[in-house]
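As numbered in the working numbering, residues 1067 to 1309 make up the sequence shown, in order.
Below: the structure, in structure tokens.
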Amino acid sequence: MVRLSVNINKIATLRNARGGNMPNVLQVAKDCESFGAQGITVHPRPDERHIKYKDVLDLKPLVSTEFNVEGYPSPDFLDLVFKVKPHQVTLVPDPPEALTSNAGWDVVKYRDFLKETVARLQNEGIRVSIFMEPDASLMESAAETGTDRIELYTESYAKHFPEIGAEAAKAFADASKAAHACGLGVNAGHDLNLDNLKTFVQEVPHVLEVSIGHALICDSLYYGLQNTIGMYLALCNPPTELP
Ligand code: PXP
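Listed below in structure tokens is the structure:
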């Protein structure tokens, strides 16, 4: 079963545009869960341009599904997640000024740093996932960091899918199989949407969780949040087609 974690960053972007509390990020998180989302993801950035550090603290007691906090492991980020102790922390390598996550970890270059960071998080009972390019040859090095899972960075799949369809998932399927063979759990995310999600989960084995934000929140402007979450959930676990 592929679980859907809804990334609510964009709700915070909208709230921050006016400085008040509308829409209410905490209420939206609760609503996403009541509409069937199996997790809530947030990505606090150092400039707090969407999710603020306080949001992460406030969300912790409210999230009753899985709470996933993404971010670059700066000292401030690590202090926050040690305080909050979410179920999962997803480590991303992007610099503070990045518009959005734009690359996976170089697990060879940063092996020692990741190893130490992963161990510190796991000592606090937090599951760790590291953001990775779909490169099967990197999965052994990823496993050497001690991480529990990897998250496949799906931007290139989303980019190529409109032209080449299922072929765009090939490197992801290979990377996922390699990760699974090394004992790693596999998550995926970035630019997944109503058009490309079904093929991705059909083509890529072992995916445990997808985290989806931008497209899902945009779709909810047209379909409403409840309908949209239902549509994504249906695509996460499509019925097996008869031959
Ligand atoms: N995974 C990571 C590591 C991310 O940084 C993001 C965006 O915050 C996502 C998944 C979700 O991407 P999108 O908003 O395109 O669905």
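For every residue, glycine included, the Cβ atom is placed at its ideal position computed from N, Cα and C.
Sixteen is the threshold: when 16 or more other Cβ atoms of the shown chains lie within 10 Å of the Cβ of residue 1076, as they do, the residue is buried. Here the distance from the Cβ of residue 1260 to the nearest heavy atom of ligand 1 is not below 8 Å. A direct Cα-to-Cα measurement between residue 1153 and residue 1105 gives close to 10 Å. Remark: C-beta atoms of residue 1194 and residue 1177 do not approach each other more closely than 9 Å. Distances taken from the Cβ of residue 1231 to the heavy atoms of ligand 1 include none shorter than 8 Å.
At least one heavy atom of ligand 1 falls within 8 Å of the beta-carbon of residue 1075. Taken in chain order, the complete beta strand (DSSP E) segments of 3 residues or longer contained in the region 1236-1273 are 1251-1255. Note that the region 1222-1239 touches the region 1254-1269; at least 3 beta-carbon pairs, one per stretch, sit closer than 8 Å. In the DSSP assignment, residue 1074 falls outside any alpha helix (DSSP H), carrying neither H nor E. Nearest in C-alpha terms to residue 1268, of all of 1155, 1125, 1279 and 1307, is 1307.
Rounded to whole angstroms, the Cβ separation of residue 1074 and residue 1279 is 7 Å, and the two are in contact under 8 Å. Taking a cut-off of 8 Å on C-beta distances, the region 1125-1144 touches the region 1094-1112, as three or more cross pairs fall below it. The three-state secondary structure of residue 1117, taken from DSSP, is coil. Segment contact: the region 1281-1298 against the region 1230-1245, fewer than three CB-CB distances shorter than 8 Å; contact not assigned. The C-alpha of residue 1266 lies about 12 Å from the C-alpha of residue 1253.
Remark: the shortest separation between the CB of residue 1251 and any heavy atom of ligand 1 does not fall under 8 Å. Shortest Cα-Cα distance from residue 1118 to any of 1248, 1072, 1142 and 1234 involves 1142. Secondary structure at residue 1140: coil, using DSSP grouped into helix, strand and coil. Straight-line spacing of the CA atoms in residue 1201 and residue 1236 works out to 11 Å.
Here DSSP, grouped into helix, strand and coil, assigns residue 1167 to coil.
DSSP lists 1107 and 1154 as the beta-bridge partner residues of residue 1134. For residue 1196, the secondary structure class from DSSP, reduced to helix, strand or coil, is strand.
In the DSSP assignment, residue 1277 forms a beta bridge with 1071 and 1255.
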